[in-house]
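J.:
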């Protein structure tokens, strides 16, 4: 992953922070309090992939 300052934007860093927090199992409210998002739907948009991955893992465990 390329983290040169010229390639990092505030928006991208905020989105990455939201995803990392979601991967750490923080709630949408906790994530919003850190990232400063005004609506939970914004947080959910950025963290949906993490949530789907977690749900898929839980489903596989249930049928194992």
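In the numbering used here, the protein residues as written are -15 to 48.
Idealized CB from N, CA, C, for every residue including glycine.
These numbers were taken from a predicted model, which means no experiment stands behind them.
Cα separation between residue 6 and residue -6?
T.: 18 Å
J.: Which whole-angstrom value is the C-beta distance of residue 18 and residue 33, which I expect to be below 8 Å?
T.: Incorrect: roughly 19 Å between the Cβ atoms, too far for contact.
J.: So residue 28 packs on residue 12, CB below 8 Å; how close in whole Å?
T.: About 6 Å separates the CB atoms of residue 28 and residue 12; that is less than 8 Å, so the two are in contact.
J.: By how many angstroms is the C-alpha of residue 9 removed from the C-alpha of residue 35?
T.: Between residue 35 and residue 9, the C-alpha separation is close to 9 Å.
J.: Taking its Cβ as the centre, do 16 or more other Cβ atoms sit within 10 Å of residue 16, making it buried, or is it exposed?
T.: A residue is called buried when at least 16 other Cβ atoms come within 10 angstroms of its Cβ; residue 16 meets this threshold and is buried.
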